[in-house]
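Residue numbers (the working numbering), protein chains in the order written: chain A, 5 to 30; chain B, 115 to 322.
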């Protein structure tokens, strides 16, 4: 998949800082 | 109560129905969330409030380092803007992440998250700053041309009036066409709070 076909927000939303499920994991 | 510096005091029974009333959670779920809050708010400084380093530690397993997205999450949770997350703020913000929370609330929260300078618009420069931050976080590199091409494409899709910034209506239309962008706005764990934190029953003050 060419990165140009990616949406910037798709990329941004993968940040570990935005993955709040880790608050529930040890 | 849930007052700062009094983490070991028993919760005021009145706060629980109030928080349940203000959010999507039941009273027992609010109590279960308090078990999680106690753990997070005592991980570095045991003062009954979540400091940014404690949020950073929970999300990245290290208290040090700076992350743009942790800063944004922290700012949005910190309603009173006093540089700590208190329990009621924690419950309010997590309510948006509940699988049954209104989609509108998730769309709005994500908009405020990405509107770095809080101007009411997601600007091109802000998107560029966030893409650079995610590249640094994941040790990826992209040429500047490729980076600009990704942002061009995103704005071609999202910025309907072509003014170089995304307003809240454009954002709403955009995420409704790309619902996967809201995936991180839903935490399935929030549906199982009383199972995940069964110890709430030892401190419960209410019966749902």
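Virtual Cβ for every residue (Gly too), placed ideally from N, Cα, C.
Per DSSP, the bridge partner or partners of residue i
{"i": "residue 279 of chain B", "result": "B/237"}
Cβ pair residue i, residue j closer than 9 Å
{"i": "residue 292 of chain B", "j": "residue 11 of chain A", "result": "yes"}
{"i": "residue 191 of chain B", "j": "residue 207 of chain B", "result": "yes"}
{"i": "residue 220 of chain B", "j": "residue 210 of chain B", "result": "yes"}
{"i": "residue 19 of chain A", "j": "residue 248 of chain B", "result": "yes"}
{"i": "residue 230 of chain B", "j": "residue 240 of chain B", "result": "yes"}
{"i": "residue 144 of chain B", "j": "residue 130 of chain B", "result": "yes"}
{"i": "residue 286 of chain B", "j": "residue 223 of chain B", "result": "no"}
{"i": "residue 270 of chain B", "j": "residue 284 of chain B", "result": "no"}
**Study point:** Ordered list of alpha helix (DSSP H) runs contained in the region 188-217 of chain B, each at least 4 residues
**Key:** Segments of the alpha helix (DSSP H) lying fully in the region 188-217 of chain B: 201-210.
**Study point:** Whole alpha helix (DSSP H) elements within the region 134-168 of chain B, 4-residue minimum
**Key:** The qualifying runs are 141-155.
Check your understanding: Just by C-beta distance, which residues in the region 167-183 of chain B are closer than 9 Å to chain A?
Key -> Listed by position along the chain: 169, 170, 172, 173, 174, 175, 181, 182 and 183.
Review point. Is it true that the region 228-241 of chain B meets the region 275-291 of chain B, where meeting means three or more beta-carbon pairs spaced less than 8 Å apart?
Key: Contact between the region 228-241 of chain B and the region 275-291 of chain B is present: three or more C-beta pairs spanning the two stretches fall below 8 Å.
Practice item. Give, in chain order, every residue of the region 139-151 of chain B whose Cβ lies closer than 8 Å to some Cβ of chain A. Key: Near chain A, meaning a CB-to-CB distance below 8 Å, the residues of the region 139-151 of chain B are 150.
Point to revise | At least three beta-carbon pairs within less than 8 Å, the region 212-232 of chain B to the region 300-318 of chain B | key: Touching, yes, given that three or more Cβ pairs across the two stretches are closer than 8 Å.
Exercise for review: Identify every run of the alpha helix (DSSP H) within the region 253-308 of chain B, keeping only runs that are complete inside it and at least 4 residues long; order them along the chain.
Suggested key: Secondary structure within the region 253-308 of chain B: the alpha helix (DSSP H) runs of 4 or more consecutive residues, fully enclosed, are 258-272 and 282-291 (chain order).
Exercise for review: For the region 161-178 of chain B and the region 126-142 of chain B, state whether three or more C-beta atom pairs, one from each stretch, are separated by less than 8 Å.
Suggested key: No: the two stretches stay apart, fewer than three of their Cβ pairs being nearer than 8 Å.
Practice item. Would you list, in chain order, the members of the region 242-256 of chain B that have their beta-carbon closer than 7 Å to a beta-carbon of chain A? Key: Within the region 242-256 of chain B, the residues whose Cβ lies closer than 7 Å to some Cβ of chain A are 244, 245, 248, 251 and 256, listed in chain order.
Review point. Enumerated in chain order, which unbroken segments of the alpha helix (DSSP H) with a length of 4 residues or greater are wholly contained in the region 5-29 of chain A?
Key: Given a length threshold of 4 residues, each whole run of the alpha helix (DSSP H) inside the region 5-29 of chain A is given here in chain order: 12-16.
Point to revise | Interfacial residues, the region 210-237 of chain B to chain A, with Cβ spacing under 8 Å | key: Those would be 211, 227 and 228, in chain order.
Point to revise | Residues from the region 281-292 of chain B in contact with chain A, defined by Cβ distance under 7 Å | key: Flagged, chain order: 292.
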